[in-house]
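S.K.: Got a structure for you, questions after.
In the working numbering, the protein residues as written are 426 to 840.
Structure follows, in structure tokens:
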């Protein structure tokens, strides 16, 4: 097992005490994650900004968003490559600084004769914004021991959701009152988190994380293919993200069909609140309960929760049952989020750790990108019951896949 511990204490007493002893660097990264996700105003409302403030039609907006996603993916891969060669702190600080500068420039450009530069600036900063994710995840792995890594990623996941829970309210407030202030607010908060990074996180050269036996360099793709555990993990992660994306694509459409446009939108909002509150309340509890188990066992358990939750979406139309289904699959989401990164970083060679994180995030992005188009194809061939039946079936297939992975790789030497 990755983390052999004594049996967990009573989980309801977990709370934030679960995260004691992780070290200052992890707590600073947690604070940075909360600030960055809270201040992600521009990305939260990007579609509304483009259509409502810059007059783009739906076709142009869709094309622009596609370019943003492509640039973000390029940034993720490039960021992983660079962070394996240069100190991660400098890479992350530079990327965050570039995003802050671009947003600040947008703030000044809006309302001036140069306002047409705003979409270009958003596009320019997208690769830098994309690079922050793999670098940040890699730093979490760098600053933790194997035994503490599960709790550390759990804390960062909690930080993401705290920021996401609070950010939309502030973003909507600023959007309605002042677009320059919205961009300026994002720029300020990202600059603040960058300052925390520069002042509080020590500069550690990449070589400090590498052992002598890892001195021999090979090409990254060759190294990836030498790690079948990670290759299969990435393949299955694409499938998982494809199924998960239906919560954003098909579920709001289903609610509009069941309850009408206005009522459906409101009820979908409440459903997402259930998701957010479940994450905030249960992440420490679930981490406490499962941290002693191997990650692949936890991933397999997570898929069972998705099988049940998505299966309920396929057969239920009662609103309360749909809320309960959301609660069920959110437990699976917590398990995936708190175990997937731990597994990846345990098996990734330290020399290539940032690149492995980058490829994982890009693989997830591929799954999310395929979700709407293939989901629409399923809806065109059938109905919501068919779609959710297929998603539940995919998750059941992943139960089997993670079981086989655990049998083959669960006791394998990592790194």
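No residue lacks a Cβ here, since even glycine has one placed at the ideal position from N, Cα and C.
Please list, in chain order, all residues of the same chain as residue 641 whose beta carbon is under 8 angstroms from its beta carbon, the five residues on each side excluded.
M.R.: Locating residue 641 in the chain shown gives position 216, where the first residue counts as 1. A caution first: residue 641 carries a pLDDT of 48, below 50, which makes its placement in the model unreliable, though a value can still be read off. If we look at residue 641 and ignore the five residues flanking it on each side, it has no Cβ neighbours.
S.K.: Return the chain-ordered ranges of every alpha helix (DSSP H) run that is complete within the segment 436-498 and spans a minimum of 4 residues.
M.R.: Whole alpha helix (DSSP H) segments, 4+ residues: 449-463, 466-469.
S.K.: Tell me which same chain residues have a C-beta within less than 8 angstroms of the C-beta of residue 458, skipping the five on either side of it?
M.R.: One-based indexing of the chain shown puts residue 458 at position 33. Counting only Cβ-Cβ distances below 8 angstroms, and skipping sequence neighbours, we find 561, 581, 584, 585, 588.
S.K.: Just tell me which of 745, 558, 486 has its CA closest to the CA of residue 780.
M.R.: Here residue 780 is taken as the residue at index 355 of the chain shown, counted from 1. Selected option, being the one with the closest Cα: 558.
S.K.: Looking at the structure shown, is residue 568 part of a helix, part of a strand, or coil, going by DSSP?
M.R.: Here residue 568 refers to the residue found at position 143 when the chain shown is read from its first residue. Residue 568: coil per DSSP, three-state reduction.
S.K.: Are the beta-carbon atoms belonging to residue 552 and residue 499 less than 8 angstroms from one another?
M.R.: Taking the chain shown and counting its residues from 1, the one referred to as residue 552 is at position 127. Taking the chain shown and counting its residues from 1, the one referred to as residue 499 is at position 74. Yes, the Cβ-Cβ distance between residue 552 and residue 499 is below 8 angstroms.
S.K.: Going by other Cβ atoms of all chains shown within 10 Å of its Cβ, with 16 needed for buried, is residue 783 buried or exposed?
M.R.: Residue mapping note: residue 783 aligns to position 358 of the chain shown, counting from 1. It counts as buried.
S.K.: So, with DSSP's three-state summary, where would you put residue 774?
M.R.: As a first step, residue 774 must be located in the chain shown, where it is residue number 349. Note: residue 774 maps to coil in three-state DSSP.
S.K.: Taking the alpha-carbon positions, what's the residue 488 to residue 471 distance?
M.R.: By one-based count along the chain shown, residue 488 stands at place 63. By one-based count along the chain shown, residue 471 stands at place 46. In a straight line, the C-alpha of residue 488 is about 13 angstroms away from that of residue 471.
S.K.: Between the segment 702-710 and the segment 810-830, do three or more beta carbon pairs fall short of 8 angstroms?
M.R.: No: the two stretches stay apart, fewer than three of their Cβ pairs being nearer than 8 angstroms.
S.K.: Less than 7 angstroms between C-beta atoms, sequence neighbours within five positions excluded: which residues of the same chain meet that for residue 536?
M.R.: Indexing the chain shown from 1 puts residue 536 at position 111. Within the same chain, residue 536 has close Cβ partners 605.
S.K.: DSSP state of residue 539, grouped into three classes?
M.R.: Locating residue 539 in the chain shown gives position 114, counting from the first residue. Three-state DSSP puts residue 539 in coil, outside helix and strand.
S.K.: Between the Cα of residue 422 and those of 576, 597, 677, 518, spot the shortest distance and give me the residue it belongs to.
M.R.: Residue 422 is absent from the structure shown; the chain starts at 426 and stops at 840.
S.K.: In this structure, does DSSP put residue 805 in helix, strand or coil?
M.R.: Against the chain shown, residue 805 aligns to sequence position 380. Residue 805 falls in the helix class under three-state DSSP.
S.K.: Mind checking residue 480: buried by the 16 CB within 10 Å criterion, or exposed?
M.R.: The residue labelled residue 480 in the question sits at position 55 within the chain shown. Exposed, because fewer than 16 other Cβ atoms sit within 10 Å of the Cβ of residue 480.
S.K.: Which residue comes first and which comes last in the alpha helix (DSSP H) that contains residue 626?
M.R.: Against the chain shown, residue 626 aligns to sequence position 201. Careful: residue 626 lies outside any alpha helix (DSSP H) and carries neither H nor E.
S.K.: State the Cα-Cα distance for the pair residue 638 and residue 659, rounded to the nearest angstrom.
M.R.: As a working mapping, residue 638 is identified with position 213 in the chain shown. As a working mapping, residue 659 is identified with position 234 in the chain shown. Annotation note: pLDDT 48 at residue 638 (below 50); position unreliable, no value reported.
S.K.: Within the continuous alpha helix (DSSP H) that includes residue 685, where are the two ends?
M.R.: Counting from one through the chain shown, the residue named residue 685 turns up at place 260. Looking at the DSSP string, residue 685 is not in any alpha helix (DSSP H), and its letter there is neither H nor E.
S.K.: So, with DSSP's three-state summary, where would you put residue 556?
M.R.: Position 131 of the chain shown, counted from the start, is the residue given in the question as residue 556. In the structure shown, residue 556 sits in a helix (DSSP, three-state: H, G or I).
S.K.: Looking at C-alpha atoms only, which residue of 761, 685, 810, 792 is the closest neighbour of residue 739?
M.R.: Reading the chain shown from its first residue, position 314 is the one you call residue 739. Closest option to residue 739, Cα to Cα, is 810.
S.K.: Using the rule of at least 16 other Cβ atoms within 10 Å of the residue's Cβ for burial, across every protein chain shown, is residue 724 buried or exposed?
M.R.: The residue given as residue 724 occupies position 299 in the chain shown. Buried: at least 16 other Cβ atoms inside 10 Å.
S.K.: Which one of 792, 607, 475, 714 has the shortest CA to CA distance from residue 464?
M.R.: Your numbering for residue 464 matches position 39 in the chain shown. Taking only the C-alpha atoms, the option nearest residue 464 is 607.
S.K.: Please classify residue 709: does DSSP put it in a helix, a strand, or coil?
M.R.: Residue numbering aside, residue 709 sits at position 284 when the chain shown is read from its first letter. DSSP places residue 709 in helix when its eight states are reduced to three.
S.K.: Determine, using beta carbons only, whether residue 645 and residue 788 come nearer to each other than 8 angstroms.
M.R.: Reading the chain shown from its first residue, position 220 is the one you call residue 645. Reading the chain shown from its first residue, position 363 is the one you call residue 788. No. Outside cutoff.
S.K.: Here's the rule: buried if 16 or more other CB atoms are within 10 angstroms of the residue's CB, otherwise exposed. What is residue 469?
M.R.: In the chain shown, counting from the first residue as 1, residue 469 sits at position 44. Answer is buried; the Cβ neighbour count reaches 16.
S.K.: Can you give the Cα-Cα distance for residue 727 and residue 758, rounded to whole angstroms?
M.R.: Stepping through the chain shown from its first residue, residue 727 is reached at position 302. Stepping through the chain shown from its first residue, residue 758 is reached at position 333. Roughly 7 angstroms between the two C-alpha positions.
S.K.: How far does the alpha helix (DSSP H) with residue 603 in it extend, from its first residue to its last?
M.R.: Reading the chain shown from its first residue, position 178 is the one you call residue 603. Element bounds for residue 603: n/a, residue is neither H nor E.
S.K.: Measuring CB atoms only, is the segment 804-821 touching the segment 688-695, in the sense that at least three cross pairs come out at less than 8 angstroms?
M.R.: Segments in contact, no.
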